[in-house]
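Asks: Residue 289, in our numbering, is where the sequence shown stops; the numbers in between run on with no holes. Here a beta-carbon is modelled for each residue, glycine too, at the ideal position from N, C-alpha and C. Keep in mind that this is a model prediction, so the values were computed, not measured.
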Amino acid sequence: MYKKKKEELKRDLVKFSKSKEYYKKIGKAWKRGYLFYGPPGTGKSTMIAAMANFLDYDVYDLELTTVRDNTQLRRLLIDTSAKSIIVIEDIDCSLDLTGQRRKKEEEKEDGDEKSILKKMMENEDENTADSKVTLSGLLNFVDGLWSACGGERIIVFTTNFVDKLDPALVRKGRMDNHIELSYCCFEAFKVLAKNYLDVEESELFEEIKRLLEDKEIKMTPADIAENMLPKSENEGSETCLKRLIQVLKEAKRKVEDDVEEKKRETEEKEKAETAPNEGEQ
Numbered sequence: 009m010y011k012k013k014k015e016e017l018k019r020d021l022v023k024f025s026k027s028k029e030y031y032k033k034i035g036k037a038w039k040r041g042y043l044f045y046g047p048p049g050t051g052k053s054t055m056i057a058a059m060a061n062f063l064d065y066d067v068y069d070l071e072l073t074t075v076r077d078n079t080q081l082r083r084l085l086i087d088t089s090a091k092s093i094i095v096i097e098d099i100d101c102s103l104d105l106t107g108q109r110r111k112k113e114e115e116k117e118d119g120d121e122k123s124i125l126k127k128m129m130e131n132e133d134e135n136t137a138d139s140k141v142t143l144s145g146l147l148n149f150v151d152g153l154w155s156a157c158g159g160e161r162i163i164v165f166t167t168n169f170v171d172k173l174d175p176a177l178v179r180k181g182r183m184d185n186h187i188e189l190s191y192c193c194f195e196a197f198k199v200l201a202k203n204y205l206d207v208e209e210s211e212l213f214e215e216i217k218r219l220l221e222d223k224e225i226k227m228t229p230a231d232i233a234e235n236m237l238p239k240s241e242n243e244g245s246e247t248c249l250k251r252l253i254q255v256l257k258e259a260k261r262k263v264e265d266d267v268e269e270k271k272r273e274t275e276e277k278e279k280a281e282t283a284p285n286e287g288e289q
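#1: Please list the terminal residues of the continuous beta strand (DSSP E) segment that includes E246.
#2: Where does the unbroken alpha helix (DSSP H) through D87 begin, and where does it stop?
#3: Is V263 near I225, with beta carbons less than 9 Å apart?
#4: Return the CA-CA distance between K14 and C192, expressed in angstroms with no decimal places.
#5: Taking its Cβ as the centre, do 16 or more other Cβ atoms sit within 10 Å of R246, making it buried, or is it exposed?
#6: By DSSP, does L43 sit in helix, in strand, or in coil?
#7: Which residue's Cα is closest to the Cα of T50: V75, R161 and F169?
#8: Taking 9 Å as the cut-off, decide whether the C-beta atoms of M59 and L21 are in contact.
#9: What residue does the beta strand (DSSP E) around E188 start on, and which one ends it?
#10: I need the DSSP call for V141, collapsed to helix, strand or coil.
#11: I need the straight-line Cα distance from S92 to K32, nearest angstrom please.
#12: Closest to V141 by C-alpha separation, out of T166, E188, Q80 and V164, would be which residue?
#13: Taking the alpha carbon of A150 as the reference point, which residue from L17, R19 and W38 has its own alpha carbon closest?
#14: Could you check the C-alpha separation between E215 and I253 for me, to the nearest Å?
#15: Can you name, in chain order, every residue of its own chain whose Cβ lies under 7 Å from the Cβ of A230, other than the five neighbours on each side?
#16: For the 8 Å Cβ check, are there 3 or more pairs between the region 159-176 and the region 196-203?
#17: Please name the residue or residues paired with R161 in a DSSP beta bridge.
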């Protein structure tokens with residue numbers, strides 16, 4: 009995460025933790041919602057742990073697929089303590105709560121009304137076979153009447169695919185702060201280099217910076233960290249950094265090869281389409 013964005017998040021957390029009287033004044037539940045989104049391995053779960061350590065809050069990891077219904081969901085909320093972070097990770101994979109609300113699709117082929125009704129009933133049975141938590145129930149959990157029970161709570165959703173989420177679920181007032189955690193930048197690399205290798209400066213940093221700033225190379229902080237881990241006790245920091253440079257170069261070559269392959273396939277397809285048909289000659 010960029011240093012500026014990280015400082016903004018820390019200020020936001022401190023402000024929230026000291027705003028009891030303000031929330032009481034405006035008549036709102038003392039809670040705040042965060043949406044962390046980005047590719048896998050970009051540090052969303054790690055960020056939640058850092059927030060909990062920073063504020064000294066408890067963490068409740070809520071797995072929606074194990075919750076029977078909306079009533080149990082409310083009961084779980086009541087059981088959480090103040091000064092806590094309630095986490096629902098990978099919200100896009102939790103039940104059938106995400107994505108746009110179902111829209112009626114036009115039938116491209118004429119069909120029997122009974123068969124259409126049968127399909128609708130089958131879909132309904134499939135979606136309610138396990139957990140009966142609904143989108144409405146989750147919305148009430150986040151900022152409905154029951155969310156006002158207790159105080160000083162933070163609710164965090166994480167997702168790899170933010171476009172799949174229903175707008176009602178992530179609007180301001182529910183998820184107040186949307187934070188993207190993306191591929192590794194040079195600033196993030198320097199933090200990792202300090203943590204993993206105890207290195208703050210190196211003549212190899214310039215080449216690593218050039219590679220990380222290449223938009224074609226998309227490596228997550230988890231990938232970068234894994235490639236900086238010493239493979240043996242005798243392996244020094246310079247060897248680890250050189251290995252990372254090699255991995256970044258290989259990633260760039262792979263992207264270039266994929267582009268060339270797609271270009272070649274497109275050219276061959278166009279050539280086949282424009283070539284005269286042998287049967288017509």
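Replies: Let me lay it out:
#1: Segment S245 to T282 is the alpha helix (DSSP H) holding E246; no beta strand (DSSP E) there.
#2: N78 to D87 is the extent of the alpha helix (DSSP H) around D87.
#3: A contact, by the Cβ cut-off of 9 Å.
#4: In a straight line, the C-alpha of K14 is about 14 Å away from that of C192.
#5: Looking at the sequence shown, residue 246 is not Arg but Glu. Exposed.
#6: Strand, per DSSP.
#7: The shortest C-alpha separation from T50 is found at F169.
#8: Yes, they are a contact pair.
#9: Unbroken beta strand (DSSP E) run through E188: N185 to E188.
#10: Assignment of V141 by DSSP, reduced to helix, strand and coil, places it in the coil class.
#11: One C-alpha to the other measures close to 18 Å.
#12: Among T166, E188, Q80 and V164, the Cα nearest to that of V141 belongs to Q80.
#13: The sequence shown places Val at residue 150, not Ala. Answer by Cα proximity: W38.
#14: Each residue's Cα considered, the two are about 8 Å apart.
#15: Closer than 7 Å at the Cβ level, and outside the excluded window around A230, lie G49.
#16: Cβ pair count under 8 Å is below three, so no.
#17: K39 and S92, per the DSSP bridge assignment.
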